[in-house]
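J.:
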Amino acid sequence: MATITSSTNNCIKFVPRGSNPVWLRIHPGQGCWSYMGRTKSNGAQDVSLQQPGCVHEGVAIHEFLHALGFAHEQTRPDRDRYVKVYPENMISGTEHNFQRFTNSEINTLGEAYDYGSIMHYQNDAFSKNGKPTIRPSLAGYENWESQMGRLYKLSGQDIRKLKKYYNCG
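For the sequence shown, the UniProt record's numbering begins at 1 and goes up steadily by one.
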């Protein structure tokens, strides 16, 4: 959380719950997940960080960005111009993780597709056979395949999108 706060020049702050009517409840549930954006007008919004697999900084930042309103990069409305998705290589029941949103559901904030986003899956995410489930489709971008979904840190575009979304410069 400190990474998000410092990257946005303190525009986005995580504070103790106090008397706030809505808060994030971080718990070691099953899997790494969060609902996208504010889901309630009152009460807790869950962020699950299962131990030990989800308690790495990059994974936690990824889930907090979901809670802050951000979807996976590969679900952008314009994603088909940048990546090819291979549903035939996916574990049955995981296809929803690659479902493309419409322009009315997702705001790209005028930013280009970001293969290096902390919100991007790696090329073999949810693969049933070790083959890629997603690959760059633009000529000249093949080298980005090894960078996709590495979950190390916020990309420059991730930071710009956070600042735009929360109107903090």
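By construction, the Cβ of each residue, glycine as well, lies at the ideal position given by its N, Cα and C atoms.
So who's on the other strand from Ala44, going by DSSP bridges?
T.: Sequence index remark: in the sequence shown, residue 44 carries index 44 (1-based). DSSP output for Ala44 lists Trp23 as bridge partner(s).
J.: From the beta carbon of Ala44, is the nearest beta carbon of chain D less than 9 Å away?
T.: Absence of chain D from the displayed structure is noted, only one protein chain being present.
J.: When you compare only the Cα positions, how much space is there between Cys3 and Pro28?
T.: Against the sequence shown, residue 3 aligns to sequence position 3. Against the sequence shown, residue 28 aligns to sequence position 28. The sequence given here has Thr at residue 3, not Cys. One C-alpha to the other measures close to 21 Å.
J.: Under the rule that 16 or more other beta-carbon atoms within 10 Å means buried, what is Gln99, buried or exposed?
T.: Taking the sequence shown and counting its residues from 1, the one referred to as residue 99 is at position 99. Gln99 should be labelled exposed.
J.: Is there contact between the stretch 58-71 and the stretch 86-98, where contact requires at least three CB pairs shorter than 8 Å?
T.: Too few Cβ pairs lie closer than 8 Å, so no.
J.: With distances taken from CA atoms, which of Trp33, Ala67 and Pro52 is nearest Phe14?
T.: What you label residue 14 is simply residue 14 of the sequence shown in a count that begins at 1. With distances taken between Cα atoms, Phe14 lies closest to Ala67.
J.: Where Arg150 and Gly43 are concerned, what is the direct C-alpha to C-alpha distance, given to the nearest angstrom?
T.: One-based indexing of the sequence shown puts residue 150 at position 150. One-based indexing of the sequence shown puts residue 43 at position 43. Each residue's Cα considered, the two are about 32 Å apart.
J.: Cα separation between Gly31 and Leu138?
T.: Numbered from its first residue, the sequence shown carries residue 31 at position 31. Numbered from its first residue, the sequence shown carries residue 138 at position 138. If I take the Cα positions, the gap works out to 32 Å.
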